[in-house]
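Engineer: Can you read through this structure? Questions will come right after.
2 protein chains.
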Amino acid sequence: MTANQHLENTTAQARPSSIIEPAYLDRGLDALVARLDQNRELTADAKRALRNAAGPVTVFDAGAEMSRQHSSPNHSLLVAAGTAARSNLVENGERQITAFHLVGDFVDLHAFHSDRLDHGVDALTRVTAIPFAHAVLGRLTREYPELIQLFWRSSILDAAIHRQWLVAMGRMTASRHMAHFFCEHYLRAKAVGLGDEFSFAFEITQAQLADALGLSTVHVNRVLQELRGLGLFEWGHGSVTILDWEALRDLGQFDETYLGAIGN
Amino acid sequence: MTANQHLENTTAQARPSSIIEPAYLDRGLDALVARLDQNRELTADAKRALRNAAGPVTVFDAGAEMSRQHSSPNHSLLVAAGTAARSNLVENGERQITAFHLVGDFVDLHAFHSDRLDHGVDALTRVTAIPFAHAVLGRLTREYPELIQLFWRSSILDAAIHRQWLVAMGRMTASRHMAHFFCEHYLRAKAVGLGDEFSFAFEITQAQLADALGLSTVHVNRVLQELRGLGLFEWGHGSVTILDWEALRDLGQFDETYLGAIGN
DNA sequence: CGCCACTTTGAAACAGTTCAACGTCAGTGG
DNA sequence: CCACTGACGTTGAACTGTTTCAAAGTGGCG
Numbered sequence: 147m148t149a150n151q152h153l154e155n156t157t158a159q160a161r162p163s164s165i166i167e168p169a170y171l172d173r174g175l176d177a178l179v180a181r182l183d184q185n186r187e188l189t190a191d192a193k194r195a196l197r198n199a200a201g202p203v204t205v206f207d208a209g210a211e212m213s214r215q216h217s218s219p220n221h222s223l224l225v226a227a228g229t230a231a232r233s234n235l236v237e238n239g240e241r242q243i244t245a246f247h248l249v250g251d252f253v254d255l256h257a258f259h260s261d262r263l264d265h266g267v268d269a270l271t272r273v274t275a276i277p278f279a280h281a282v283l284g285r286l287t288r289e290y291p292e293l294i295q296l297f298w299r300s301s302i303l304d305a306a307i308h309r310q311w312l313v314a315m316g317r318m319t320a321s322r323h324m325a326h327f328f329c330e331h332y333l334r335a336k337a338v339g340l341g342d343e344f345s346f347a348f349e350i351t352q353a354q355l356a357d358a359l360g361l362s363t364v365h366v367n368r369v370l371q372e373l374r375g376l377g378l379f380e381w382g383h384g385s386v387t388i389l390d391w392e393a394l395r396d397l398g399q400f401d402e403t404y405l406g407a408i409g410n
Numbered sequence: 147m148t149a150n151q152h153l154e155n156t157t158a159q160a161r162p163s164s165i166i167e168p169a170y171l172d173r174g175l176d177a178l179v180a181r182l183d184q185n186r187e188l189t190a191d192a193k194r195a196l197r198n199a200a201g202p203v204t205v206f207d208a209g210a211e212m213s214r215q216h217s218s219p220n221h222s223l224l225v226a227a228g229t230a231a232r233s234n235l236v237e238n239g240e241r242q243i244t245a246f247h248l249v250g251d252f253v254d255l256h257a258f259h260s261d262r263l264d265h266g267v268d269a270l271t272r273v274t275a276i277p278f279a280h281a282v283l284g285r286l287t288r289e290y291p292e293l294i295q296l297f298w299r300s301s302i303l304d305a306a307i308h309r310q311w312l313v314a315m316g317r318m319t320a321s322r323h324m325a326h327f328f329c330e331h332y333l334r335a336k337a338v339g340l341g342d343e344f345s346f347a348f349e350i351t352q353a354q355l356a357d358a359l360g361l362s363t364v365h366v367n368r369v370l371q372e373l374r375g376l377g378l379f380e381w382g383h384g385s386v387t388i389l390d391w392e393a394l395r396d397l398g399q400f401d402e403t404y405l406g407a408i409g410n
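Residue numbers (my numbering), protein chains in the order written: chain A, 147 to 410; chain B, 147 to 410.
Rendered as structure tokens:
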């Protein structure tokens with residue numbers, strides 16, 4: 147991914163259609179609020195103000211760089227559709243994905259509090275996102291303190307997910323780790339209304355999953371075959387179907403407490 | 147660690163000395179504010195209110211359980227002295243430490259937003275901590291929105307550190323990972339005034355370090371010898387001395403951006 | 001039809017683990 | 001004051017989960 151491709155993707159891909167914009171904006175905001183404002187603390191005023199603070203809907207192609215590691219963005223992006231990933235590059239060219247972002251996730255929100263990004267953000271699928279200028283967010287949080295609570299909660303959830311990844315990476319075998327990951331991703335996807343009862347959209351390559359789990363592509367492939375063989379889930383054509391939730395949960399030693407009460 | 151030992155440690159160890167309390171409270175709060183309020187947004191009023199919200203100073207022995215995994219504490223603890231660790235147990239009895247907490251760290255602050263803890267907190271050394279009741283914190287944040295900003299920033303920093311650990315665990319060799327860890331811990335310790343120019347207090351066992359790095363005790367020992375052999379640092383009698391910062395930084399591919407501008 | 005990105009397979013190499021033993025040191029009690 | 005204890009650090013050798021390298025298979029798409 148070169149600098150030019152980046153520009154191409156972020157600017158040329160913008161779709162200033164006045165018809166689709168409101169729909170995407172609502173989808174993103176609804177998912178955000180549904181996940182993080184379960185106690186209904188947010189006033190209608192605050193929601194309206196947040197909605198008005200939105201910049202123009204932007205579309206990124208799969209593979210596009212949404213923000214660059216070490217850059218200093220003056221806005222944060224709310225995902226309205228698609229899947230994005232935060233990742234860090236290490237010197238030998240390998241990379242580690244530290245988070246996946248789905249609809250309703252405020253990517254880079256922490257950039258509002260620190261001027262240089264410690265990671266990059268890439269679009270794994272085609273991603274539709276809505277920018278919120280930091281200047282506007284600053285004004286908004288002064289006016290509506292309950293919004294800071296919402297944002298704080300978002301960072302808390304981020305950290306909680308990171309911690310579980312640490313546990314899985316540090317003290318689980320590859321199979322358990324992968325099982326844990328699919329449990330988490332299934333619940334997160336379901337919480338924002340992606341997919342139905344036991345299936346969810348998962349348009350990602352094995353190499354990208356490897357970068358998230360801290361494994362090699364080859365090993366991801368083998369572990370995947372093992373879990374498939376155990377009849378835990380199916381994965382194909384960009385969609386995962388959970389076949390044996392109990393067993394998957396068990397293998398991954400998955401305890402959903404840490405997700406809080408996201409979604410339903 | 148049994149439930150009884152826990153009670154013993156949390157209650158019997160409390161030292162209600164009216165002489166030492168203010169000193170510890172100030173130490174904890176000063177470190178907290180110094181790390182997270184660099185832009186001096188916090189009003190004197192807010193600081194005073196926070197100070198008044200403090201509960202009685204509590205001392206935990208080394209090894210004591212400060213809060214239990216899956217419990218629902220009604221307060222959060224601010225570390226005023228000593229080192230604590232958040233850790234998760236996995237089924238085979240192993241554990242993964244996900245964070246170390248030094249002076250000025252608000253342990254469990256996120257518990258304010260979710261009722262069950264997804265991890266336990268242990269005192270690694272003798273720890274002096276100050277409890278803040280969630281009820282009081284709730285009132286405080288309504289009255290002083292700038293405090294939420296401070297807490298939010300604290301969660302953001304937590305998450306940033308977690309991410310770097312993920313990168314180190316997932317894509318670095320044990321030696322690099324350990325080098326990275328010592329870089330980070332050195333800067334964090336220095337930021338809150340522990341130790342001098344090139345040394346800092348580090349009263350931890352190799353087994354605990356292993357639990358943090360996701361390695362076996364044996365391997366931690368060997369890697370430690372390797373790094374010592376390279377002349378990167380010394381570690382003994384509860385104190386680490388950095389001998390070759392450049393080389394250590396290099397080996398750990400350490401980029402301190404993610405720590406924000408903590409401390410000085 | 002042929003290309004390209006992605007998935008799958010096999011075999012050899014390796015980083016890190018496990019097990020089991022021994023060394024060291026500070027504290028404790030006789 | 002010395003022997004005993006227990007927690008912690010160190011060592012060696014065998015073992016294993018995962019990586020690496022290299023090649024072949026699959027499938028969607030222009």
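Even glycine gets a Cβ: it sits at the ideal position worked out from N, Cα and C.
Values in this document were obtained by computation on a predicted structure and should not be read as measured data.
Chain B beta carbons: is any one of them nearer than 7 Å to that of Asn410 of chain A?
Structural biologist: Because the pLDDT at Asn410 of chain A is just 46, under 50, the model does not fix this residue reliably, and the point stays unresolved.
Engineer: Rounded to the nearest angstrom, what separates Arg395 of chain B and Phe327 of chain B at their Cα positions?
Structural biologist: 10 Å
Engineer: For His247 of chain A, collect the residues of the same chain with a Cβ closer than 6 Å to its Cβ; drop the 5 residues on either side in sequence, then sort them by chain order.
Structural biologist: Val225, Ala230, Val253
Engineer: What's the C-alpha gap between Ala177 of chain B and Thr363 of chain B?
Structural biologist: 32 Å
Engineer: If you drop the 5 nearest sequence neighbours on each side, which residues of the same chain put their C-beta closer than 8 Å to that of Glu380 of chain A?
Structural biologist: Around Glu380 of chain A: Arg374, Val386, Thr387, Leu389.
Engineer: Does the region 195-205 of chain B touch the region 273-285 of chain B, meaning 3 or more C-beta pairs lie closer than 8 Å?
Structural biologist: Yes, the region 273-285 of chain B is in contact with the region 195-205 of chain B.
Engineer: Work out the CA separation of His216 of chain A and Met315 of chain B for me, nearest whole Å.
Structural biologist: 21 Å
Engineer: Three or more C-beta pairs closer than 8 Å, one from the region 322-338 of chain B and one from the region 307-314 of chain B: is that the case here?
Structural biologist: yes
Engineer: Taking only the alpha-carbon atoms, compute the straight-line gap between Ala227 of chain A and Asp264 of chain B and give it to the nearest angstrom.
Structural biologist: 29 Å
Engineer: Identify which residue in B:Trp298, B:Ile243, B:His383, B:Asp401 has its Cα closest to the Cα of Glu349 of chain B.
Structural biologist: With distances taken between Cα atoms, Glu349 of chain B lies closest to B:His383.
Engineer: Return no unless some Cβ of chain A is closer than 7 Å to the Cβ of Met315 of chain B.
Structural biologist: yes
Engineer: Could you name the residues of chain B that Met324 of chain A contacts, counting a contact when the two beta carbons are closer than 7 Å?
Structural biologist: The premise fails here: Met324 of chain A is roughly 13 Å from chain B at the closest Cβ pair, so nothing lies under 7 Å.
Engineer: What are the start and end residues of each continuous alpha helix (DSSP H) run of 4 or more residues lying completely inside the region 190-227 of chain A, in chain order?
Structural biologist: 190-198
Engineer: Using the rule of at least 16 other Cβ atoms within 10 Å of the residue's Cβ for burial, across every protein chain shown, is Ser301 of chain A buried or exposed?
Structural biologist: Around the beta carbon of Ser301 of chain A, 16 or more other beta carbons sit within 10 angstroms, so the residue counts as buried.
Engineer: Just list the residues that DSSP pairs Trp381 of chain B with in beta bridges.
Structural biologist: B:Val386
Engineer: Classify Phe258 of chain B as helix, strand or coil using the three-state DSSP reduction.
Structural biologist: Helix at Phe258 of chain B.
Engineer: Name the two residues that bound the continuous beta strand (DSSP E) containing Asp268 of chain A.
Structural biologist: 266-269
Engineer: Taking 6 Å as the limit between beta carbons, can you name the residues of its chain near Asn410 of chain B, skipping five residues before and five after?
Structural biologist: For Asn410 of chain B, the predicted structure reports a pLDDT of 46, less than 50, and the residue's modelled location is therefore unreliable. A value from the coordinates is still provided. Once the five neighbours on either side are set aside, Asn410 of chain B has no close Cβ partner at all.
Engineer: Quick one: which chain A residues come within Cβ less than 8 Å of Glu272 of chain B?
Structural biologist: Sequence check: residue 272 of chain B is Arg here, not Glu. Those do not exist, as Arg272 of chain B stays about 25 Å from chain A at its closest Cβ, beyond 8 Å.
Engineer: In angstroms, rounded to a whole number, what distance separates the CA positions of Asp261 of chain B and Asp183 of chain A?
Structural biologist: 15 Å
Engineer: Please confirm whether Arg181 of chain A and Gly250 of chain A have their CB atoms less than 7 Å apart.
Structural biologist: Yes, these two residues count as a Cβ contact at 7 Å.
Engineer: Could you tell me which chain A residues have their CB closer than 8 Å to the CB of Tyr332 of chain B, listed as they occur along the chain?
Structural biologist: The contacting residues do not exist; Tyr332 of chain B stays about 18 Å from chain A at best.
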